[in-house]
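Mapped onto the working numbering, the consecutive letters of the sequence shown carry residue numbers 624 to 970. The structure under discussion appears below in the form of structure tokens.
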Amino acid sequence: MFLKNAWYVAAWDHEVSCALTGTTILGEEVVLFRKTDGTVAALENACPHRKLPLSMGRLKGDDVECGYHGLTFDCAGACIKAPGAARIPPAAKVRAYPVEERYGLVWIWMGDAAKADPSAIVPVANWGDPAWGVNRGESMVVECNYLYVTDNLLDPSHVAWVHQTSFGTAACEDAPLETTVEPTGVTVARWMMDSPPAPFYAPFLPFSGNCDRKQQYEVRYPAQAIIKAIFVPAGTGGEGRSLHGDAFVMDSYNFMTPIDENRTRYFWFQMRNVAPADEKISEQFAVSVRDAFAEDRVILQAVHWGMANKRSPNLDLHIDKGPLHFRRGIAKLIAAEQAPEVALVAE
Ligand code: FES
Ligand SMILES: [Fe+2]
Numbered sequence: 624m625f626l627k628n629a630w631y632v633a634a635w636d637h638e639v640s641c642a643l644t645g646t647t648i649l650g651e652e653v654v655l656f657r658k659t660d661g662t663v664a665a666l667e668n669a670c671p672h673r674k675l676p677l678s679m680g681r682l683k684g685d686d687v688e689c690g691y692h693g694l695t696f697d698c699a700g701a702c703i704k705a706p707g708a709a710r711i712p713p714a715a716k717v718r719a720y721p722v723e724e725r726y727g728l729v730w731i732w733m734g735d736a737a738k739a740d741p742s743a744i745v746p747v748a749n750w751g752d753p754a755w756g757v758n759r760g761e762s763m764v765v766e767c768n769y770l771y772v773t774d775n776l777l778d779p780s781h782v783a784w785v786h787q788t789s790f791g792t793a794a795c796e797d798a799p800l801e802t803t804v805e806p807t808g809v810t811v812a813r814w815m816m817d818s819p820p821a822p823f824y825a826p827f828l829p830f831s832g833n834c835d836r837k838q839q840y841e842v843r844y845p846a847q848a849i850i851k852a853i854f855v856p857a858g859t860g861g862e863g864r865s866l867h868g869d870a871f872v873m874d875s876y877n878f879m880t881p882i883d884e885n886r887t888r889y890f891w892f893q894m895r896n897v898a899p900a901d902e903k904i905s906e907q908f909a910v911s912v913r914d915a916f917a918e919d920r921v922i923l924q925a926v927h928w929g930m931a932n933k934r935s936p937n938l939d940l941h942i943d944k945g946p947l948h949f950r951r952g953i954a955k956l957i958a959a960e961q962a963p964e965v966a967l968v969a970e
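So, in structure tokens, the structure goes:
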């Protein structure tokens, strides 16, 4: 069960070319390709005749020819050629999905095309600002339900145990967490005062000694997270105070696209307010983030397996407050989308 009326990341822009590329999103088979004008099109990846994936066919200009018997579809999904038939059968059509390119990513709308509003794509603060560096991330497939990833992103406490060599320090273990629930999603945040910087961040900080550190994890429906990390010299941090001139800020953007109920494709990139043009630092960030996310992947896959095969009830802890709010919120949105009348009566 997924929220359909939402934008999901389908691919990095460089992954889509004039070759037909099949992918699976929310359990639906989709074929992506670039049209002659360079824009991206997305069609249902199954010919209506014998369901051969259209990705096994040929791109002819902006049209896709099935590789089995030549039914040909335009990029709106209409059949424009049916070899050997006196006329084009009315059922010969495939679904076309709205797509948008933004932030180096290809976004796809999986629900009612009439509701696709590009302004609903997650905004990326400071995008295009030369004072901010970007490390274009990557993606990885995690063999778990996407809600285990959103659980993980709303649970900073795991940092102390899963990421001991990267993001974590002992200060991460007990700092209290502020949880905010909004119609768009859930945010958890905390300040950790006067502690040594975590190994991942230490080389990038423009000051030495201990730091005050803010972690803020905002996870938006359906499954998109903006993680803000702020480091300032110890004694200068805390809620409501203006940022110290030497503040290091990193915004990490994380976009989870369910492949199906058991697999998630996780896309990410980071923005930073230091050394914006330094390619070496961008590369260092990319490598460090990849290594840290690989640590999450191992845990999340094992958790998915453990929860799917549990022999006894699992336990929820205080640290699950944010994740459980998020799960309740997304479940409500999915229920309202699937049976809008019932949801209205229930309210
Ligand atoms: S399977 Fe596509 S035309 Fe027959
Ligand atoms: Fe993590």
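Cβ atoms here follow ideal geometry from the backbone N, Cα and C, with glycine treated the same way.
query                                                                                                                : result
Same chain only: Cβ atoms within 6 angstroms of threonine 803, ignoring 5 sequence neighbours per side               : Thr810
Within 5 angstroms of ligand 1: residues by beta-carbon to any heavy atom                                            : Cys670, His672, Arg673, Leu675, Cys689, Tyr691, His692, Leu694
From Gly727, His692, Trp730, Phe656, residue whose alpha carbon lies closest to that of alanine 699                  : Phe656
Endpoints, the alpha helix (DSSP H) within which valine 912 is located                                               : 902 to 931
Leucine 643 vs arginine 681 beta-carbon contact at 9 angstroms                                                       : yes
Beta carbon of tryptophan 814 nearer than 9 angstroms to that of tryptophan 732                                      : no
Within 9 angstroms, strictly: CB atoms of tyrosine 691 and leucine 675                                               : yes
Cβ pair count under 8 angstroms reaching 3, the stretch 848 to 858 against the stretch 720 to 731                    : no
Outcome for threonine 773 when other beta-carbon atoms lying within 10 angstroms are tallied against a minimum of 16 : buried
Sequence-distant residues of its chain with Cβ nearer than 7 angstroms to histidine 781 (five each side left out)    : Asn775
Contact check, cysteine 767 vs asparagine 885, beta carbons under 9 angstroms                                        : yes
Within 9 angstroms, strictly: CB atoms of alanine 857 and methionine 816                                             : yes
Cross-strand partners of aspartate 883 (DSSP beta bridge)                                                            : Arg886
Per-residue DSSP class, three states only, for methionine 873                                                        : strand
Local conformation of valine 772 per DSSP, three classes                                                             : helix
Assigned exposure category for valine 653 - 16 Cβ within 10 Å defines buried                                         : buried
Residue from Pro845, Trp635, Phe830 whose Cα sits closest to the Cα of threonine 859                                 : Phe830
Cβ-based neighbour list, valine 765, same chain, cut-off 6 angstroms, excluding 5 preceding and 5 following          : Thr887, Tyr889, Arg920, Leu923
9 angstroms Cβ cutoff met for alanine 846 and tyrosine 726                                                           : no
Valine 971 CB to nearest heavy atom of ligand 2 below 8 angstroms                                                    : It is not possible to answer for residue 971, since the shown part of the chain is limited to 624 through 970.
Selection from Asp752, Pro779, Glu761, Ala715 that minimises the alpha carbon distance to glutamine 839              : Pro779
Collapsed DSSP secondary structure at isoleucine 942 in the structure displayed                                      : helix
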